[in-house]
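K.L.:
Chains R and U, in that order, are what the protein sequence lines are.
Under the working numbering, the first residue of the first sequence is numbered 5, with each subsequent residue one higher.
Under the working numbering, the first residue of the second sequence is numbered 5, with each subsequent residue one higher.
What follows is a structure written as structure tokens; I'll ask about it next.
There are 2 protein chains.
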Amino acid sequence: MKIDKGIEDVNVSEFDALLLTGGYSPDRLRADDRFVEFTKEFMDSKKPVFAICHGPQLLISAKALKGRDATGFKSIQPDLEYAGANVHDKEVVVCQNQLVTSGTPDDIPAFNRESLKLLAE
Amino acid sequence: MKIDKGIEDVNVSEFDALLLTGGYSPDRLRADDRFVEFTKEFMDSKKPVFAICHGPQLLISAKALKGRDATGFKSIQPDLEYAGANVHDKEVVVCQNQLVTSGTPDDIPAFNRESLKLLAE
């Protein structure tokens with residue numbers, strides 16, 4: 005995927021939703037405060053946020069999970085619990101009509117289904 | 005490094021210390037309960053544990069950090085805090101004469117110095 009804008013060039017108000025993909029990219033992004041702040045602002049905006057596999061690591065750094073229903077890749081589930089999330093062992097978790105999370109690539113069909121549902125509202 | 009024994013073939017009582025290295029290996033190991041349990045037993049044994057960069061992720065999964073002084077790679081510092089650790093921005097942190105942690109490869113000299121000190125006791 006071609007990246008057409010850097011983090012310095014974007015503003016939360018320009019977007020309808022935020023997609024946080026998995027792999028080890030979130031580990032790198034969360035080490036940079038600009039991405040953490042952008043994620044926090046997006047959660048505060050109440051606009052939809054979709055996070056799968058290791059994607060929710062950015063939500064931990066943004067301190068945006070307290071009391072939220074969520075899931076994530078098995079290795080980060082202890083981190084999600086410590087961050088105050090109610091962690092569910094389900095293929096997809098939708099919280100407060102804003103946050104959609106899934107744990108593995110196998111869950112992508114359910115993750116996409118619920119994410120598109122929120123985007124269509 | 006050649007691995008000469010699998011996790012099923014080892015017992016905490018056979019070792020003097022546990023070294024948890026960084027990179028993305030800890031993320032994979034912590035997804036397997038056998039490695040988490042081994043780490044927990046090592047912490048419970050009070051024998052030395054040395055963890056650098058992403059190594060402390062295994063200590064989070066082992067729920068072994070509550071009230072402990074520690075550090076780790078910047079990206080996992082929020083996880084360490086949520087897990088109840090007192091996180092210090094130092095090149096090396098030694099806690100209760102058992103646990104030695106560092107955050108980056110640059111800290112290896114200090115990490116080795118304090119780890120070897122504990123091993124010599």
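From the three backbone atoms N, C-alpha and C, an ideal C-beta is built for every residue, glycine too.
These figures come from a predicted structure and were not determined experimentally.
On the criterion of 16 or more Cβ atoms from any shown chain inside 10 Å, does serine 127(R) qualify as buried, or is it exposed?
P.N.:
Chain R is shown only over 5 to 125; residue 127(R) falls outside these bounds and no answer can be derived.
K.L.:
Closer than 7 Å, Cβ to Cβ, to anything on chain U: give me those residues from the segment 44-65 of chain R, in chain order.
P.N.:
Residues passing the 7 Å Cβ filter: Ile64, Ser65.
K.L.:
Applying the criterion that 16 or more other CB atoms from any shown protein chain within 10 Å of the CB defines a buried residue, is proline 52(U) buried or exposed?
P.N.:
On the second sequence, position 48 is the one that residue 52(U) refers to. Buried.
K.L.:
Hey, out of Pro109(U), Tyr86(U), Phe115(U), whose CA is closest to cysteine 99(U)'s CA?
P.N.:
Numbered from 1 along the second sequence, position 95 holds the residue referred to as residue 99(U). When only C-alpha atoms are compared, the closest one is Phe115(U).
K.L.:
Per DSSP, which one or two residues make a beta bridge with serine 106(U)?
P.N.:
The residue you call residue 106(U) lines up with position 102 of the second sequence. DSSP, once it has assigned bridges, lists Ile56(U) as partnering serine 106(U).
K.L.:
DSSP state of alanine 124(U), grouped into three classes?
P.N.:
Within the second sequence, residue 124(U) is the residue found at index 120, counting from 1. In the structure shown, alanine 124(U) sits in a helix (DSSP, three-state: H, G or I).
K.L.:
Below 8 Å between beta carbons is the criterion; list the residues of the segment 26-42 of chain U that meet it against any residue of chain B, in chain order.
P.N.:
The displayed structure is made up of protein chains R and U, and chain B is not among them.
K.L.:
Is there a Cβ of chain U sitting closer than 8 Å to that of lysine 78(R), yes or no?
P.N.:
By one-based count along the first sequence, residue 78(R) stands at place 74. It does; some Cβ of chain U falls within 8 Å.
K.L.:
Give the C-beta separation of alanine 74(R) and alanine 89(R) to the nearest angstrom, bearing in mind that I take them to be a contact with Cβ-Cβ under 8 Å.
P.N.:
Indexing the first sequence from 1 puts residue 74(R) at position 70. Indexing the first sequence from 1 puts residue 89(R) at position 85. So it is a contact: roughly 4 Å between Cβ atoms.
K.L.:
Classify arginine 34(U) as buried or exposed, calling it buried when 16 or more other Cβ atoms lie within 10 Å of its own Cβ.
P.N.:
Numbered from 1 along the second sequence, position 30 holds the residue referred to as residue 34(U). With 16 or more Cβ atoms within 10 Å of its Cβ, arginine 34(U) is classed as buried.
K.L.:
So, is the C-beta of proline 109(U) closer than 8 Å to a C-beta in chain R?
P.N.:
Along the second sequence, one-based indexing puts residue 109(U) at 105. So, not an interface residue.
K.L.:
Could you check which residue in Ile11(U), Pro109(U), Leu84(U) has the C-alpha nearest to that of glycine 71(U)?
P.N.:
Position 67 of the second sequence holds residue 71(U). Taking only the C-alpha atoms, the option nearest glycine 71(U) is Leu84(U).
K.L.:
Here's a check: name, in chain order, each residue in its chain whose Cβ is nearer than 8 Å to the Cβ of lysine 44(R), leaving out the five neighbours to either side.
P.N.:
In the first sequence, residue 44(R) corresponds to position 40, counting from 1. Same-chain partners within the cutoff: Ala66, Lys67, Ala68.
K.L.:
By the three-class DSSP mapping on this structure, what secondary structure does leucine 22(U) have?
P.N.:
In the second sequence, the residue the question calls residue 22(U) occupies position 18. DSSP places leucine 22(U) in strand when its eight states are reduced to three.
K.L.:
Are the segment 54-64 of chain R and the segment 94-114 of chain R touching by the rule of at least three beta carbon pairs closer than 8 Å?
P.N.:
Yes, the segment 54-64 of chain R is in contact with the segment 94-114 of chain R.
K.L.:
Check the Cβ of glycine 83(R) against every Cβ in chain U and list those closer than 9 Å, keeping chain order.
P.N.:
Position 79 of the first sequence, counted from the first residue, corresponds to residue 83(R). Just to set this straight, residue 83(R) is aspartate in the shown sequence, not glycine. Per Cβ cutoff of 9 Å: Gln61, Ile64, Ser65, Ile80, Pro82, Asp83, Tyr86, Ala87.
K.L.:
Is isoleucine 11(R) buried or exposed, if buried means 16 or more other CB atoms sit within 10 Å of its CB?
P.N.:
What you label residue 11(R) is simply residue 7 of the first sequence in a count that begins at 1. Exposed.
K.L.:
Tell me the DSSP bridge mates of valine 98(U)?
P.N.:
As a first step, residue 98(U) must be located in the second sequence, where it is residue number 94. Beta-bridge pairing links valine 98(U) to Val104(U).
K.L.:
Taking DSSP as the reference, what is the three-state secondary structure of aspartate 83(U)?
P.N.:
Within the second sequence, residue 83(U) is the residue found at index 79, counting from 1. If DSSP states are grouped into helix, strand and coil, aspartate 83(U) belongs with the helices.
K.L.:
Note the first and the last residue of the continuous alpha helix (DSSP H) segment covering glutamate 12(R).
P.N.:
As a first step, residue 12(R) must be located in the first sequence, where it is residue number 8. Glutamate 12(R) -> no alpha helix (DSSP H), and no H or E assigned at all.
K.L.:
Going by DSSP, name the residue or residues bridged to alanine 74(U).
P.N.:
Here residue 74(U) is taken as the residue at index 70 of the second sequence, counted from 1. Val91(U).
K.L.:
Enumerate, from N- to C-terminal direction, the unbroken beta strand (DSSP E) stretches of 3 or more residues contained entirely within the segment 26-54 of chain R.
P.N.:
Taking only runs of at least 3 residues, no beta strand (DSSP E) segment lies wholly in the segment 26-54 of chain R.
K.L.:
Looking only at its chain, what residues have a beta carbon closer than 8 Å to the beta carbon of leucine 62(U), apart from the 5 residues adjacent to it on each side?
P.N.:
Taking the first residue of the second sequence as 1, we reach residue 62(U) at position 58. Within the same chain, leucine 62(U) has close Cβ partners Leu24, Pro30, Leu33, Arg34, Phe39, Val40, Thr43, Ala55.
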